[in-house]
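Beneath this line is the structure, given in structure tokens, with notes to follow.
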Amino acid sequence: MSKTITMLGLESSCDDTAAAVVRSGARPEILASIVAGQTALHADYGGVVPEIAARAHTEKLDTCIETALDEAGVTLADLDAIAVTAGPGLIGGVLAGVMMAKGLSAATGLPLIGVNHLAGHALTPRLTDGARYPYLMLLVSGGHCQFLVTRGPDDFTRLGGTIDDAPGEAFDKTARLLGLPQPGGPSVEAEARRGDAGRFRLPRPLLDRPGCDMSFSGLKTALLRERDRIIADNGGLTVQDRADLCAGFQAAVADVLAEKSRRALTEYLALEPSEPLIAVAGGVAANGAIRCALETVSAEMGVAFLAPPLALCTDNAAMIAWAGIERFRAGHTDDMTLAARPRWPLDRAAQPMLGFGKKGAKA
Ligand code: KG4
Ligand code: ZN
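Take our numbering: the last position of the sequence shown gets the number 797, and nothing is skipped along the way.
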């Protein structure tokens with residue numbers, strides 16, 4: 435039985451400032467998980483402004499850490515180590531977290547562990563459900579979209595990913611085009627419930643090409659064209675037009691994710707046929723229609739499906755603390771040379787993904 439580890443985790447790679455305390459044991463325990471979002475700060479700009487995000491992280495990190503330690507009922511002296519997101523992400527925010535963690539480490543003598551943000555998401559099913567390696571992870575958020583064969587805390591194979599926008603980014607842009615509030619995912623999903631998904635036949639990008647790579651930026655352009663055509667013909671959008679556009683868009687994203695998951699699972703089953711599991715993470719996994727499409731594909735292919743609770747699917751520091759625990763157990767620590775990295779692919783052998791989205795590099 436390995437020693438119990440109490441880990442402080444810090445996350446500041448996009449627009450959530452987060453601190454958490456996680457303790458390993460027979461079952462890992464999240465003693466505290468604090469997330470301070472920045473939605474209101476960026477609301478006037480139609481997207482995350484890196485400079486504003488970095489300043490807000492710098493201002494909020496210390497209070498998030500204090501609150502997390504208080505809620506967990508521990509002091510710095512009770513910790514075994516400090517884990518921090520060292521990339522990929524918006525560099526100013528990542529730097530704010532890394533500098534804070536280095537300062538704490540220097541002041542306390544606690545070991546420092548740099549964590550890849552994507553590894554944090556990918557290892558979450560082990561924190562929440564004790565998932566055993568290997569499994570297939572589909573990460574679908576506002577900044578990321580990729581399939582990862584997850585075999586260990588530092589052992590990932592990427593089977594494919596988006597070559598342009600992440601699906602959450604496409605939901606957010608769609609909401610903006612239709613005058614719906616941010617974040618776009620929940621507002622588009624709410625509209626889509628009243629809409630007819632069959633009225634507008636939007637494209638299913640890259641389904642005509644083999645493999646698991648995806649593209650979502652053309653979908654948003656197709657939606658823009660439909661919107662402008664209706665406005666030109668009728669002088670404006672009715673409430674029903676808007677709901678139908680949302681339903682058509684959501685159905686297209688769900689179809690693409692379902693078909694690409696089918697292909698990723700086929701590749702995965704050839705590599706790891708025993709007790710197969712697919713897990714999802716990221717804000718888009720909250721979408722009922724998308725979740726249902728993924729569950730259907732998994733069931734068809736005889737693969738177990740796992741979606742961690744939403745608060746741990748979206749950006750948080752508990753996942754960073756947990757990934758830190760896994761790295762620490764494997765004997766990995768960093769020192770004061772730990773660098774903040776805007777890009778940091780999990781699968782070092784894979785070709786870099788294209789593009790640099792609003793929420794950071796595609797990794
Ligand atoms: O994982 P997350 O909190 O942050 C990162 O992007 O890293 O994901 C946020 C994204 C946003 O783009 C948001 O619009 C999307 O997840 N999202 C959804 C839903 N809820 C959140 N997308 C579709 N349907 C939803 N219900
Ligand atoms: Zn994330």
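Cβ atoms here follow ideal geometry from the backbone N, Cα and C, with glycine treated the same way.
These numbers come from a predicted model, not from an experiment.
*Could you say which of K694, A474 and F739 lies nearest to R643 if we only look at CA atoms?*
Looking from the CA of R643, the closest CA among K694, A474 and F739 belongs to K694.
*What is the DSSP secondary structure of E445, reduced to helix, strand or coil?*
E445: strand per DSSP, three-state reduction.
*Report, in whole angstroms, the separation of the C-beta atoms of V482 and D450, which I expect to be a contact under 8 Å.*
Going by Cβ atoms, the distance from V482 to D450 rounds to 10 Å, so no, they are not a contact pair.
_Any residue with its Cβ nearer than 5 Å to a heavy atom of ligand 4 should be included. What is that list in chain order?_
With respect to small molecules bound, the structure shown includes ligand 1 and ligand 2 and not ligand 4.
*Going by alpha carbons, who is nearest to I597 out of P639, A540 and S436?*
Put simply, of P639, A540 and S436 the residue whose alpha carbon is nearest the alpha carbon of I597 is P639.
*Closer than 7 Å by C-beta to S575: which residues in its own chain qualify, once you throw out the five before and the five after it? Chain order, please.*
For S575, same chain residues with a beta-carbon under 7 Å away, outside a window of 5 residues either side, are A600, G602, G716, G717 and V718 in chain order.
*What first and last residue would you give for the alpha helix (DSSP H) that runs through V673?*
V673 to L705
*Three or more beta-carbon pairs under 8 Å between the stretch 653-671 and the stretch 614-624, yes or no?*
With a cut-off of 8 Å on Cβ pairs, the stretch 653-671 is not in contact with the stretch 614-624, counting fewer than three such pairs.
*D496 - DSSP class collapsed to helix/strand/coil*: Looking at D496 - three-state DSSP - the assignment turns out to be helix.
*Three-state secondary structure (DSSP) at V508?*
coil
_Given a cut-off of 7 Å on the beta-carbon distance, is the pair I759 and V549 in contact?_
Contact flag unset, no.
*If we count Cβ pairs, one from each stretch, closer than 8 Å, do we get three or more for the stretch 728-741 versus the stretch 700-715?*
By the Cβ rule, the stretch 728-741 counts as touching the stretch 700-715, because three or more pairs are nearer than 8 Å.
_Inside the stretch 547-580 only - beta strand (DSSP E) runs reaching at least 3 residues_ = 569-574
*First and last residue of the uninterrupted alpha helix (DSSP H) at R725*: Membership of R725 in the alpha helix (DSSP H) is indicated by the continuous run G722 to E734.
*Among G471, S539, A727 and V528, which one has its Cα closest to the Cα of M770?*
S539
*Is it right to say D606 is buried, meaning 16 or more other beta carbons lie within 10 angstroms of its own, or is it exposed?*
buried
*Does the Cβ of C726 have 16 or more other Cβ atoms within 10 Å, making it buried, or fewer, making it exposed?*
exposed
*asked:* Assess contact between the stretch 549-566 and the stretch 677-689, defined as three or more Cβ pairs (one per stretch) separated by less than 8 Å. Is contact present?
replied: The answer is no - the stretch 677-689 does not touch the stretch 549-566, with fewer than three Cβ pairs under 8 Å.
*Name the residue from A535, D662, P620 and A692 whose alpha carbon lies nearest to the alpha carbon of M648.*
A692
*What residues match up with A713 in a beta bridge as DSSP calls it?*
M571 and L740
_Let's see if you can read the secondary structure: which residues bound the alpha helix (DSSP H) around L593?_
Here L593 belongs to no alpha helix (DSSP H); instead the beta strand (DSSP E) covers D589 to G595.
*According to DSSP, what are the bridge partners of M753?*
Answer by DSSP bridge pairing: none, since M753 is not bridged.
*Within the chosen definition, does the stretch 496-504 reach the stretch 455-469 through at least 3 CB pairs nearer than 8 Å?*
In short, these stretches touch, since the Cβ pair count reaches three.
*From the DSSP output, which residues share a beta bridge with R457?*
T440 and E463
*Might you give, ordered along the chain, the residues of its own chain that have their beta carbon closer than 6 Å to the beta carbon of L561, omitting 5 neighbours on each side?*
P462 and W756
_Buried or exposed (CB count within 10 angstroms, at least 16 for buried), S621_ = buried
*Identify which residue in S436, I439, V455 and A490 has its Cα closest to the Cα of S446.*
A490
*Which runs of the alpha helix (DSSP H) fall wholly inside the stretch 591-648 and span at least 4 residues, in chain order?*
601-611 and 618-626
*Thinking C-alpha only, which one of P637, L593, A624 and P559 is nearest T748?*
P559
*From E493 to G632, what does the alpha carbon distance come to, in whole angstroms?*
47 Å
*Could you tell me if K437 is buried or exposed, where buried requires 16 or more neighbouring beta carbons within 10 angstroms of its beta carbon?*
exposed
*Delimiting residues of the beta strand (DSSP E) encompassing G521*: A515 to G521
*Leaving out five residues on either side along the sequence, give the residues of the same chain with a beta carbon under 7 Å from the beta carbon of F634.*
E660, D678, L679 and G682
*asked:* With distance defined between alpha-carbon atoms, name the residue in A454, Q472 and A553 nearest to V508.
replied: A454
*Report buried or exposed for A452, applying the criterion of at least 16 other Cβ atoms within 10 angstroms of its Cβ.*
buried
*Excluding five sequence neighbours on each side, which residues of the same chain lie with their C-beta closer than 7 Å to the C-beta of L657?*
T608, L611, L636, L679 and F683
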